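Q:
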Amino acid sequence: MTETLAVETGALVKRYENVLALAGLDLAIEPGCFFGLLGPNGAGKTTAVSILCTLLRPTSGEARVFGKDVVRERPAVRPLLGIVFQDPSLDTELTGRENLDIHARLYRLPERAARIEQALDMMDMARDADRGVRSLSGGMRRRLEIARGLLHGPSVLFLDEPTLGLDVHARRSLWQHLERLRDGGLTLVLTTHAMDEAARLCERVAILNEGRIVAAGTPRELCQEVGGDHIELELDRPEDALPLLRAKPNVRDVWMENRTVVITVEHAPTELVPLIETLKTLGIHAVRMREVNLEDAFVHFTGHKIDAAGNLA
Ligand SMILES: Nc1ncnc2c1ncn2[C@@H]1O[C@H](COP(=O)(O)OP(=O)(O)OP(=O)(O)O)[C@@H](O)[C@H]1O
Ligand SMILES: [Mg+2]
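Dropping the structure here:
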């Protein structure tokens with residue numbers, strides 16, 4: 003295995019009693035990369051992150067962080083890692099600063115006060131640091147958790163579903179903070195269900211399904227691999243359109259999202275006119291064309307649809 007990769011796993015397997023959570027995971031993440039680990043519920047994302055963070059032992063296979071083996075060289079790996087868990091882990095009885103202080107003492111960090119100040123500054127939490135965590139919004143708590151994860155100056159920060167449950171503004175604010183960390187040279191490994199988030203933030207992604215990587219590359223590469231364009235049609239009688247469209251040789255795929263008919267074709271600009279000709283008796287209200295996005299690629303590679311609320315079905 004190469005020394006220089008930030009994260010590297012080889013044939014990584016994790017078996018719980020009767021569940022194969024990771025079925026041979028091969029990952030390679032370059033230093034300084036903003037990497038996205040995507041996958042439906044139960045795909046094995048948290049398991050992979052937990053092993054990389056030395057919190058869980060793999061059943062077999064290898065995992066290294068900056069060249070150090072997460073099992074055999076655990077004490078050397080720990081200082082390299084920053085972790086923001088999927089489940090919130092701040093003490094809500096304490097203030098933000100107190101939470102960070104306990105963490106700093108636990109890790110016996112030198113120059114505690116200065117480090118805490120710097121981490122709070124990085125996440126724009128200095129002003130609210132002395133408020134009780136209980137009184138903070140979800141977005142502020144997340145930023146505080148990230149500040150805590152940064153205290154010891156890690157080389158790679160793992161974030162498991164960091165924006166779950168946050169409103170639109172809090173999400174965007176968190177994205178900006180994460181981008182700033184990336185610009186500072188930190189390696190970030192993010193798990194998320196939100197494909198807009200992954201497309202916006204991640205330079206490279208891997209899609210996990212049932213413990214295996216089913217696709218990997220830049221978001222653009224994954225979209226290109228799926229290929230084609232989508233045409234969305236709002237019709238008076240969408241049900242009647244489905245058999246007509248399925249009979250068309252140029253239509254690769256047809257489905258309904260709410261009451262909108264969505265079609266995949268090779269090249270929308272040339273397919274559009276004949277399609278409209280076919281459907282003109284069905285009452286066309288709106289026609290939209292768009293390129294394949296990461297959410298389409300996710301659905302393609304995992305077979306899991308995402309509903310209007312962003313949940314996986
Ligand atoms: N402690 C455990 N004991 C038994 N099975 C487990 C345990 N932890 C996880 N699993 C199982 O391992 C599989 C992978 O779980 P994991 O939590 O890694 O998935 P995930 O991709 O993080 O899912 P989510 O998106 O829901 O967070 C699932 O089938 C899960 O039920
Ligand atoms: Mg998880």
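Numbering (this note's numbering), first residue to last: 3 to 315.
Positions of the beta carbon are idealized from the N, C-alpha and C atoms, including for glycine.
In this text, all values refer to a predicted model and were calculated from it rather than measured experimentally.
1. Give me the residue from LEU192, LEU235, PRO81, THR11 with the minimum Cα distance to VAL263.
2. Would the beta-carbon of TYR109 be found less than 7 Å away from any heavy atom of ligand 1?
3. Whole-angstrom Cβ separation of HIS274 and ILE233, contact assumed at under 8 Å?
4. Got a sec, what are the start and stop residues for the beta strand (DSSP E) VAL158 sits in?
5. Would DSSP call GLY26 helix, strand or coil?
6. Looking only at DSSP bridge pairs, what is GLY38 linked to?
7. Taking only three categories from DSSP, how would you classify GLY219?
8. DSSP three-state label for ALA8, please.
9. Return yes when the Cβ of VAL191 is within less than 8 Å of the Cβ of LEU39, no when it is not.
10. Given this structure, state the Cα-to-Cα distance separating GLY26 from VAL73, to the nearest angstrom.
11. Can you grab the Cα-Cα spacing for the pair ILE148 / ALA270, in whole Å?
12. Does the Cβ of ASP309 have 16 or more other Cβ atoms within 10 Å, making it buried, or fewer, making it exposed?
13. Rank CYS35, ALA65, GLY34 by C-alpha distance to the C-alpha of GLU10 and give the top, closest one.
14. Sorted by chain position, which residues of the same chain lie with C-beta nearer than 6 Å to THR4's C-beta, five sequence neighbours on each side aside?
15. Quick one: any contact between the stretch 206 to 224 and the stretch 167 to 187, if contact means 3 or more CB pairs under 8 Å?
16. Determine, using beta carbons only, whether ILE278 and LEU237 come nearer to each other than 8 Å.
17. Roughly how many angstroms separate the alpha carbons of ALA30 and LEU82, rounded to a whole number?
18. Which residue marks the beginning of the beta strand (DSSP E) containing GLU64, and which one marks its end?
19. Measuring from the CB of THR194, is there a heavy atom of ligand 2 at a distance below 7 Å?
20. Can you tell which of TRP257, HIS154, ARG145 has its C-alpha closest to the C-alpha of GLN178?
21. Sorry if obvious, but does the Cβ on ALA78 come closer than 7 Å to a heavy atom of ligand 1?
22. Around the C-beta of GLU268, are 16 or more other C-beta atoms found within 10 angstroms, so that it is buried, or is it exposed?
23. Hey, would you say GLY12 sits closer than 8 Å to ASN211, going by beta carbons?
A: The structure says:
1. Here the closest residue by C-alpha is LEU235.
2. No, since every heavy atom of ligand 1 falls outside the 7 Å radius drawn around the Cβ of TYR109.
3. Correcting the residue identity first, residue 274 is Leu in this sequence and not His. 6 Å between Cβ atoms; contact.
4. 158 to 162
5. strand
6. LEU192, VAL207
7. DSSP places GLY219 in strand when its eight states are reduced to three.
8. coil
9. yes
10. 17 Å
11. 43 Å
12. The predicted position of ASP309 is uncertain, since its pLDDT is 49 and thus under 50; no value can be drawn from it.
13. ALA65
14. Only weak support is given to the placement of THR4: the predicted model assigns it a pLDDT of 47, under 50, and the question is left unresolved by the model.
15. no
16. No.
17. 17 Å
18. 62 to 67
19. no
20. ARG145
21. no
22. exposed
23. no
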